[in-house]
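Heads up: the structure comes next, in structure tokens.
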Amino acid sequence: MPRKTRASWGSNKPARRKGYRTLRYWADLHDGRGYMRHTMTVEGSKRDGDRKLAELRLLHGEDKPVPTIAQAWDSLLLPEYNAMHQSYLENPRPSKRGSRESVKTSTYDQVMSTWRVHVGPRWGDVYADAVKYSDIQEWLDGMTEQVGKRALTQLSLILDKCMINEFIDKNVASYKYRMPTKAKKHDDGGVWSLEEIHSEILPAVKGSPCEAAIILSAIAGCRTGEAVAPMLSEVYKMEANGMTFACADIPRQVDNEGRISSENDLKNEWSPRSVVVPPPWSIRLLEIRDELEANGLQWLSDKGTCEPMSQRTIRRDFNKCLKKAKVEPRQFRALRRSWRTWISSKGINDKILEKMMGHSDGTTTGRYYLKADVKIIVEEMARACDWGELATRLDDVRDK
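For the sequence shown, position 125 matches number 125 in the working numbering, and the numbering has no gaps at all.
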């Protein structure tokens, strides 16, 4: 039987309770008690115990070896991301931009993917004090612009942790670099005019599963996940100046796989809102709602099983409709960009427009005082534009 070897720093033994490990180590925690023995119990396997012991050694060991980038990631940054993601799962809500309180699952997955695909394979085995400027620049040169920014940010965060824990004296990833300029072109950044939306896009999608979501994005400014999310009970009619408007509450979103978010868990704290569709498009949206209700369904973009369609399904259906009608193709998100472009010429107050987008205008008034509810928005839209006259003009353009 092979002889057991003594751990080089600390010990990792099974605890009395199944599924836990007892860690023992000597260290000065700088809490006034000096160099002494410490004991800690952690949940998990022997591998989990080894990982925690390695983290403790990096923080408190007398020899304090300079870690590799992979060791620093596993011990110093990954636990922080895991804790922030767990915080989000326990209390799903949008966090403030730049906040380190919680991270959404989509952001967490992107961080893990950046490590797995870009940072880990290149830098995992490199010691933190051996990372060189020229090597980073060469690494960035082979990436697209957005991937390069994410990867460099992650490497910089890891080296920041190493600096804080006094493993290195400088963070070379925080220097200025020549960032890559090549990009994967998913979107040309263009927009459709209101005439194109009314005369080409809406006729192309009429009767298709994506029609209601298209109307909410192109005519009411919803993001993709928001446009798929309203229930039939959240779509209602309001009247103003003799005109009929269709309103939809947006308290949630649906993701690429069709998963429904928690209430008010949207892009930011101003995203939960009510959106308004003016005539003549309001009439069609209300017709769709009534048709779905008559069929016993629950969602405005229902897939026929009383569940909402996914973003992926909506985008696929939209692209098929555009191709069939030979309409200039763009991504689904260009609909919201198009709405913000054409609506800006209709005389609506800019501060209310920002609220309609699910934004704060950045001012104290916009953040804390201006509460534009759906009644205010409907009245402002009715005041600003003669939607009936606009519909007549659009029909004339279409029929020429």
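All C-beta atoms in this analysis are idealised placements derived from N, C-alpha and C, irrespective of residue type, glycine included. The model shown is predicted, which means the values in this text are computed figures rather than measured ones.
In this chain, the alpha helix (DSSP H) harbouring Arg398 covers Trp387 to Asp399. The way I'd put it, the region 291–307 does touch the region 209–226; three or more beta-carbon pairs between them come closer than 8 Å.
Between Trp342 and Leu194, the C-beta spacing is below 9 Å. Our two residues, Arg315 and Gln331, have alpha carbons roughly 8 Å apart in a direct line. Burial state of Ile164 is exposed, judged by a 10 Å Cβ sphere holding fewer than 16 other Cβ atoms. Within the model, the alpha-carbon separation for Ser45 versus Arg17 is close to 12 Å. Per DSSP, the beta bridge partners of Leu23 are Asn12 and Met40. The beta-bridge partner set that DSSP reports for Cys247 consists of Tyr236 and Val276.
In the DSSP assignment, Gly120 falls within the unbroken alpha helix (DSSP H) covering Gly120 to Trp123.
By the Cβ rule, the region 220–230 does not count as touching the region 195–206, because fewer than three pairs are nearer than 8 Å. By the Cβ-count criterion, Gln154 is buried, with 16 or more other Cβ atoms from all chains shown falling within 10 Å of its own Cβ.
DSSP places Lys303 in no alpha helix (DSSP H); its state is neither H nor E.
Our two residues, Glu200 and Ala227, have alpha carbons roughly 20 Å apart in a direct line. In the three-state scheme derived from DSSP, where H, G and I count as helix and E and B as strand, Met179 is classed as coil. Minimum Cα-Cα distance from Glu293 among the listed residues Asp169, Leu232 and Leu353 corresponds to Leu232. One thing to note: Met112 has its Cβ no nearer than 9 Å to the Cβ of Tyr133.
Residue nearest to Gly358 within the set Asp317, Ser274, Tyr88 and Lys324 is Ser274 (criterion: CA-CA distance). In this structure, Leu335 lies near Ala218, with their beta-carbon atoms less than 9 Å apart.
In the three-state reduction of the DSSP assignment, Ile352 falls in the helix class. In the structure shown, the three-state DSSP call for Val131 is coil.
Scanning its chain for C-beta atoms nearer than 8 Å, with the 5 sequence neighbours on each side dropped, one finds around Gly34 the residues Asp28, in chain order.
Proximity to Arg47 across Pro67, Val66, His38 and Leu23 peaks at Leu23, based on C-alpha coordinates. Judged by DSSP in its simplified three-state form, Asp255 adopts coil rather than helix or strand.
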